[in-house]
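Visitor: Residue numbers (full-length UniProt numbering), protein chains in the order written: chain R, 1 to 111; chain B, 1 to 111. Just so it is clear, CB atoms sit at the ideal spot from N, CA and C, and this is done for glycine as well. Here the structure is a predicted model, which means the values were calculated and not measured.
There are 2 protein chains.
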Amino acid sequence: MTEEIQVDDNGKLKCSIEYTLNKVGGKWKLVILWHITFDGTQRYNELRRLLPGITHKMLSQQLKELEQEGLIIRTQYNEMPPKVEYSISERGLTLKPILEAMHEWGTVQGG
Amino acid sequence: MTEEIQVDDNGKLKCSIEYTLNKVGGKWKLVILWHITFDGTQRYNELRRLLPGITHKMLSQQLKELEQEGLIIRTQYNEMPPKVEYSISERGLTLKPILEAMHEWGTVQGG
DNA sequence: CCGGATCCTGCACGATACTG
DNA sequence: CAGTATCGTGCAGGATCCGG
Chain R
1 MTEEIQVDDN GKLKCSIEYT LNKVGGKWKL VILWHITFDG TQRYNELRRL LPGITHKMLS
61 QQLKELEQEG LIIRTQYNEM PPKVEYSISE RGLTLKPILE AMHEWGTVQG G
Chain B
1 MTEEIQVDDN GKLKCSIEYT LNKVGGKWKL VILWHITFDG TQRYNELRRL LPGITHKMLS
61 QQLKELEQEG LIIRTQYNEM PPKVEYSISE RGLTLKPILE AMHEWGTVQG G
């Protein structure tokens with residue numbers, strides 16, 4: 001079994017936290033994942049309401065990236081009107097410790 | 001004791017994770033904290049070596065912000081040549097669960 | 001050795017209009 | 001309802017020089 005070592009564009013060593021930040025960094029991803037994980041499956045417009053301040057573009061963009069990473073699952077119902085649900089995947093569930101830790105810290109430190 | 005509720009610029013509710021991201025979000029803060037927490041007290045240039053790719057400006061800027069947040073402690077020795085050490089604070093130690101969770105995830109998922 | 005000051009660039013993020 | 005398309009912009013982040 002070969003050793004997989006994380007490197008950046010210049011071939012320098014990266015620590016594992018940088019890998020994580022690459023996947024779920026940015027302003028919205030962890031917040032989205034938190035809601036889908038703990039509030040359960042959500043529709044598109046439900047997420048918009050849960051995320052005050054997010055724009056149309058950012059929500060759909062972040063959802064698409066999260067789906068491509070296999071962290072959430074997109075389920076489309078071909079009805080009228082359209083209905084799309086986003087749920088957490090098994091891989092996404094492995095982020096739970098991170099979400100819980102960050103939520104706990106924000107709650108305690110933020111008052 | 002009054003209830004402290006997190007709100008954004010428009011008075012909308014924020015979830016605790018957003019508070020956390022405000023404090024330790026961005027490209028470098030968590031990585032810096034990880035090294036100072038688990039590799040122990042570090043000098044300025046030692047941190048530069050531990051953080052391949054970080055620029056002079058970003059390192060000093062992030063260190064200053066982390067110190068102002070009370071997450072790390074800056075100790076200056078008035079010698080020649082100058083010597084400055086950065087160590088984790090008690091408040092900074094409360095981030096340990098987050099750091100461990102993100103490092104663990106990056107290690108497992110990143111291979 | 002440890003930074004601050006300045007100037008600059010690019011991309012994350014946003015506003016808005018349009019569509020099946 | 002659940003998105004795309006287009007166009008802007010501000011600030012995170014970077015390069016470089018200066019100073020104690």
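Cβ of Gly70/B within 7 Å of Cβ of Ser87/B?
Guide: Counting from 1 along the second sequence, the entry for residue 70/B is found at position 70. Counting from 1 along the second sequence, the entry for residue 87/B is found at position 87. Contact flag unset, no.
Visitor: I'd like to know if Thr41/R contacts chain B, where contact means its C-beta is closer than 7 Å to some C-beta of that chain.
Guide: Here residue 41/R refers to the residue found at position 41 when the first sequence is read from its first residue. With a threshold of 7 Å between beta carbons, Thr41/R makes no contact with chain B.
Visitor: For the beta strand (DSSP E) that contains Ile54/B, what are its first and last residues?
Guide: Reading the second sequence from its first residue, position 54 is the one you call residue 54/B. Per DSSP, Ile54/B belongs to no beta strand (DSSP E) and is neither H nor E.
Visitor: Please check if any C-beta of chain R sits within less than 7 Å of the C-beta of Gly70/B.
Guide: Along the second sequence, read from residue 1 onward, the residue named residue 70/B stands at position 70. It does not; no Cβ of chain R falls within 7 Å.
Visitor: Which residues in chain B have a C-beta closer than 9 Å to the C-beta of His56/R? List them in chain order.
Guide: Taking the first residue of the first sequence as position 1, residue 56/R is located at position 56. Simply none; closest approach about 16 Å.
Visitor: Can you list, in chain order, the residues of the stretch 73-91 of chain R whose Cβ is nearer than 9 Å to any Cβ on chain B?
Guide: Shown in chain order are the members of the stretch 73-91 of chain R whose Cβ falls below 9 Å from a Cβ of chain B: Arg91.
Visitor: Determine whether the Cβ of Ile36/R lies closer than 7 Å to any Cβ atom of chain B.
Guide: The sequence position of residue 36/R within the first sequence is 36, counting from 1. No, because no Cβ of chain B sits closer than 7 Å to the Cβ of Ile36/R.
Visitor: Using a cut-off of 8 Å between C-beta atoms, extract the partners of Leu30/R located in chain B.
Guide: Residue numbering aside, residue 30/R sits at position 30 when the first sequence is read from its first letter. Per Cβ cutoff of 8 Å: Ile17, Leu21.
Visitor: For Leu66/B, count neighbouring C-beta atoms within 10 Å of its own C-beta (all shown protein chains included) and say buried if the count is 16 or more, exposed if not.
Guide: As a working note, residue 66/B is residue 66 in the second sequence. That one is buried.
Visitor: Could you please give the first and the last residue of the uninterrupted alpha helix (DSSP H) stretch that includes Lys27/R?
Guide: Along the first sequence, one-based indexing puts residue 27/R at 27. Here Lys27/R belongs to no alpha helix (DSSP H), and DSSP marks it neither H nor E.
Visitor: Give me whichever residues DSSP pairs with Arg74/B in a beta bridge.
Guide: Counting from 1 along the second sequence, the entry for residue 74/B is found at position 74. For Arg74/B, the pairing in a beta bridge is given by DSSP as Tyr86/B.
Visitor: Could you give the distance in angstroms between the alpha-carbon of Gln6/R and the alpha-carbon of Asn22/B?
Guide: Here residue 6/R refers to the residue found at position 6 when the first sequence is read from its first residue. Here residue 22/B refers to the residue found at position 22 when the second sequence is read from its first residue. Here Gln6/R scores only 49 on pLDDT, less than 50, and its place in the model should not be relied on; the value that follows carries that caveat. Going from the Cα of Gln6/R to the Cα of Asn22/B covers about 27 Å.
Visitor: Using a threshold of 7 Å, state whether the C-beta atoms of Val84/B and Tyr44/B are closer than that.
Guide: Here the question's residue 84/B lines up with position 84 in the second sequence. Here the question's residue 44/B lines up with position 44 in the second sequence. Yes, Cβ-Cβ distance for Val84/B and Tyr44/B is below 7 Å.
Visitor: Shortest alpha-carbon distance to Glu100/R belongs to which of Gly25/R, Val31/R, Glu18/R?
Guide: For the purposes of this step, residue 100/R is taken as the residue at position 100 of the first sequence. Glu100/R has its Cα closest to that of Val31/R, out of Gly25/R, Val31/R, Glu18/R.
Visitor: When the Cα atoms are used, what is the spatial distance from Glu18/B to Pro97/B?
Guide: On the second sequence, position 18 is the one that residue 18/B refers to. On the second sequence, position 97 is the one that residue 97/B refers to. Linking Glu18/B to Pro97/B through their CA atoms gives a straight-line distance of about 17 Å.
Visitor: If distances are taken between C-alpha atoms only, which option among Cys15/R, Arg49/R, Lys27/R, Lys29/R comes closest to Asp39/B?
Guide: Your numbering for residue 39/B matches position 39 in the second sequence. The shortest Cα separation from Asp39/B among Cys15/R, Arg49/R, Lys27/R, Lys29/R belongs to Cys15/R.
Visitor: Smallest Cα separation from Pro63/B: which of Gly110/B, Lys29/B, Thr20/B, Trp105/B?
Guide: The residue given as residue 63/B occupies position 63 in the second sequence. Correcting the residue identity first, residue 63/B is Leu in this sequence and not Pro. Nearest option by C-alpha distance: Lys29/B.
Visitor: In whole angstroms, what separates the C-alpha of Met58/B from that of Leu51/R?
Guide: On the second sequence, position 58 is the one that residue 58/B refers to. On the first sequence, position 51 is the one that residue 51/R refers to. About 30 Å.
Visitor: How about Trp34/R and Thr20/B: are their beta carbons less than 7 Å apart?
Guide: Here residue 34/R refers to the residue found at position 34 when the first sequence is read from its first residue. Here residue 20/B refers to the residue found at position 20 when the second sequence is read from its first residue. Not a contact, by the Cβ cut-off of 7 Å.
Visitor: Taking 7 Å as the cut-off, decide whether the C-beta atoms of Ile72/B and Gly53/B are in contact.
Guide: Residue numbering aside, residue 72/B sits at position 72 when the second sequence is read from its first letter. Residue numbering aside, residue 53/B sits at position 53 when the second sequence is read from its first letter. It is not a contact, given that the beta carbons lie outside the stated cut-off.
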